[in-house]
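Quick notes on the structure that follows.
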Amino acid sequence: MSLITAQDLSKTYLKGETKVEALKGLKFEIEPASFVSFVGPSGSGKTTLLNLIGCLDKPTSGSLMVDDTDVSSLNTRMAAAFRGRKIGFIFQDFNLIPVLTVYENVGYPLVLVQSTPSSERKQRILALLDAVGMAEQRDKYPDQISGGQKQRVAVARAAWGGCVQGPSRTGPKASIQDVL
Ligand SMILES: Nc1ncnc2c1ncn2[C@@H]1O[C@H](COP(=O)(O)OP(=O)(O)O)[C@@H](O)[C@H]1O
Ligand SMILES: [Mg+2]
17 MSLITAQDLS
27 KTYLKGETKV
37 EALKGLKFEI
47 EPASFVSFVG
57 PSGSGKTTLL
67 NLIGCLDKPT
77 SGSLMVDDTD
87 VSSLNTRMAA
97 AFRGRKIGFI
107 FQDFNLIPVL
117 TVYENVGYPL
127 VLVQSTPSSE
137 RKQRILALLD
147 AVGMAEQRDK
157 YPDQISGGQK
167 QRVAVARAAW
177 GGCVQGPSRT
187 GPKASIQDVL
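Note that my numbering gives residue 128 to position 112 of the sequence shown, counting from 1, and the numbers run on in steps of one.
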C-alpha cells in the first residue's frame, strides 16, 4: 500500500492574466519508509509539489492521497490539523526559534498540536534529542550551536510525529539516524 499517491495531479498558478502550469498531470506512488528526492531545474515545480504534499497549498485538479486522506479536499483548518499530526518539515535554513532552547524547539510541535501529558512529552523529546546526538546540548540556544547541530535539531523537531509514536524506542532511533 502506498503512502502517497498522485493521480493526474496539476497545479496552475494565475499570474495576472497569464497561466503558469507548474505541475501537469503528475502520476506517482511513494511507498512507506522510502526516501525520495524530487530533482529538476529551478522552476520545474519541486516546491509546488512539496507544498501540495505538505498541505500548504491545493492542487488545481487531480487527486493526491497522503496516508489515506485525500488532501485536496481538506479545508484550511483540517489541513492545519493534518499537517500537525502527519507532516514534518525540515527547512533549508532550519527555522529554529531563536528564543527557545534546543529542548524547547524540539518539543514545540508537541505543545502546539498534541495534548500529550507533560511526562510523556519530556520522554519523547529526550528520545528524539538522543536519536540525533543532541541530548547534551539541550539547554543551548540556536545561536550557540553549529550549522550541522541546528540541522540535527531541525530533523528531531520534524520527526516526532510518525517516528516516535511507534511502540519501540529503538525503531525511531534507527530511522532518524538513517536520515542523518
Ligand atoms: N505563487 C506563485 N504564483 C505564480 N507562479 C508561481 C508561484 N509559485 C511558483 N510559480 C511558478 O511555478 C513554476 C514552478 O515553480 P516552483 O515550484 O517554485 O519550482 P522549483 O521549486 O522547482 O524551482 C515556476 O514557473 C514558477 O514561476
Ligand atoms: Mg523550489
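Glycine residues also receive a C-beta, built at the ideal position from the N, C-alpha and C atoms. Values in this document were obtained by computation on a predicted structure and should not be read as measured data.
For residue i: DSSP bridge partner residues
i     : result
Gln23 : Ser79
Tyr29 : Val36
Thr85 : Val82
Phe44 : Ala22
Whole-Å CB distance - residue i paired with residue j, under 8 Å assumed
i      : j      : result
Leu126 : Ala170 : Not quite, the Cβ-Cβ distance comes to about 15 Å (not below 8 Å), so this is no contact.
Val122 : Arg173 : 5 Å
Trp176 : Leu128 : So it is not a contact: roughly 11 Å between Cβ atoms.
Met150 : Arg137 : At roughly 17 Å, the Cβ-Cβ gap does not stay under 8 Å, so Met150 and Arg137 are not in contact.
Contact under 8 Å by Cβ, residue i with residue j
i      : j      : result
Gln153 : Gln165 : yes
Ala38  : Gly61  : yes
Thr40  : Gln23  : In the sequence under discussion, the amino acid at residue 40 is Lys, which differs from the Thr named in the question. No.
Leu68  : Leu80  : yes
Ile20  : Val82  : yes
Ser26  : Pro57  : no
Arg99  : Gly70  : yes
Glu45  : Ser18  : yes
Leu65  : Phe51  : no
*Below 6 Å from a heavy atom of ligand 2 - residues by beta-carbon*: Those residues, listed in chain order, are Lys62 and Thr63.
*Could you pull out every unbroken alpha helix (DSSP H) segment of at least 4 residues lying fully inside the region 95–173, listed in chain order?*
Positions of the alpha helix (DSSP H) runs, each at least 4 residues long and wholly inside the region 95–173, are given as 118–129 and 134–147 in order along the chain.
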